[in-house]
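One structure is given here, and the rest of the page talks about it.
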Amino acid sequence: MAMLNRVHLNGLRAVETVARLGSLAAAAGELNVSVSAVSQQINRTEKQLGQALFERTASVLTEFGTVFSARLGAGFRELAQAVALADEASQCTLVVSVAPAFASKWLLPRLSRHFDRHPNVLLRIDASVRLADLERSDIDIAIRLGDGKWPGGRAELLLAQEVFPVCAPVIAKKLKSIEDLAQTCAITDERAMINWESWFKAAGAEPVSFRKGARFTDPMLCLESAIAGHGVMLGWQLLAADALADGRLVAPFGVRAQSGLGYWLVTSATKTESRKVRDFKIWIREEIAATVAQFSALESAA
4 MAMLNRVHLN GLRAVETVAR LGSLAAAAGE LNVSVSAVSQ QINRTEKQLG
54 QALFERTASV LTEFGTVFSA RLGAGFRELA QAVALADEAS QCTLVVSVAP
104 AFASKWLLPR LSRHFDRHPN VLLRIDASVR LADLERSDID IAIRLGDGKW
154 PGGRAELLLA QEVFPVCAPV IAKKLKSIED LAQTCAITDE RAMINWESWF
204 KAAGAEPVSF RKGARFTDPM LCLESAIAGH GVMLGWQLLA ADALADGRLV
254 APFGVRAQSG LGYWLVTSAT KTESRKVRDF KIWIREEIAA TVAQFSALES
304 AA
């Protein structure tokens, strides 16, 4: 392999292309360079090898050039196949940008069903609260919480966010009326875009003053605090779905309020949407529908 260091790869590429296509002009077109540039690359390569590869008329190969170019062609075909492996891996990887809370509490427990349906697609989850740059990154699709207005993105509503109080069953037993919330601690997410006022309005009740409770900067910690029985938090469907389904949490009043926000599927406004993205959209909408049906069943049973 060390002897390859004395020969420039661009020159070998020029030799292989001329030998395969049969002319300097055709090679120049494929390599997107001038005819003189191809000729100079070949001359430089012949000097580096100390052997003539072409006759000086009609790009005819010398006897040595015929043997050399055959081996060279086989080598470049192997290189092309190696590069194709990388392209194939990239095409079969779906990169999804999503907030950690959404990924951990709702998306992750359901991913096995995506794996089963699309076994050839490798999912890579970019779990971050930052807004991904869909134009200048490898991210294929983002799941964002907001109003659906993001420059440079094509947004489709996945689920309107509804908010409602959730707490551990031991706390719920003490809540006979909305006024009883004044005897509980509020678990607060300091970075949340939602507030209690909208829920009290939807419930047709006057806001109450909670006892001071734990404050966090992460909704996942708020949820775990509520499950541990530390107080009541204002939750939403996808964050609390599984904890409500298995009984770790209870929604004590059966009232949900629209937050004015929603979960959106966001893709690049300029890039062509791939099959793997379309398939992911179909799959996640089915999972969302199943979660919504689960909520309806819980409300009916309450």
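Counting from 4, one number per residue, gives the positions in the sequence shown under my numbering. Backbone N, C-alpha and C define an ideal beta-carbon position, used for all residues, glycine too.
Skipping 5 residues on each side, what residues in its chain have a beta carbon closer than 7 angstroms to that of residue i?
i, result
"residue 120", "286"
"residue 95", "123, 124 and 125"
Kindly give me the distance between the Cβ atoms of residue i and residue j, rounded to whole angstroms, as I take these residues to be in contact under 8 angstroms.
i, j, result
"residue 170", "residue 255", "7 angstroms"
"residue 212", "residue 185", "6 angstroms"
"residue 17", "residue 41", "5 angstroms"
"residue 27", "residue 33", "Not a contact, Cβ separation roughly 11 angstroms."
"residue 44", "residue 162", "Incorrect: roughly 58 angstroms between the Cβ atoms, too far for contact."
"residue 143", "residue 111", "18 angstroms between Cβ atoms; not a contact."
Among the options, which has the Cα closest to the Cα of residue i?
i, options, result
"residue 117", "283, 295, 300 and 298", "283"
"residue 128", "140, 27, 244 and 101", "101"
"residue 245", "138, 109 and 53", "109"
"residue 204", "260, 243 and 145", "260"
"residue 165", "199, 65 and 249", "199"
"residue 257", "207, 224 and 226", "207"
"residue 226", "253, 209, 202 and 265", "253"
"residue 201", "273, 264, 243 and 194", "264"
"residue 107", "222, 22 and 20", "222"
"residue 233", "242, 218 and 247", "218"
"residue 103", "82, 81, 85 and 133", "133"
Identify, in the order they occur along the chain, each residue of the same chain with its Cβ nearer than 8 angstroms to the Cβ of residue i, setting aside the five sequence neighbours on each side.
i, result
"residue 158", "147, 151, 152, 267, 268 and 269"
Does DSSP classify residue i as helix, strand or coil?
i, result
"residue 145", "strand"
"residue 101", "strand"
"residue 78", "helix"
"residue 262", "strand"
"residue 164", "strand"
"residue 195", "coil"
"residue 159", "strand"
"residue 225", "helix"
Taking just the CA atoms, how far does residue j sit from residue i?
i, j, result
"residue 215", "residue 191", "9 angstroms"
"residue 123", "residue 281", "15 angstroms"
"residue 78", "residue 68", "15 angstroms"
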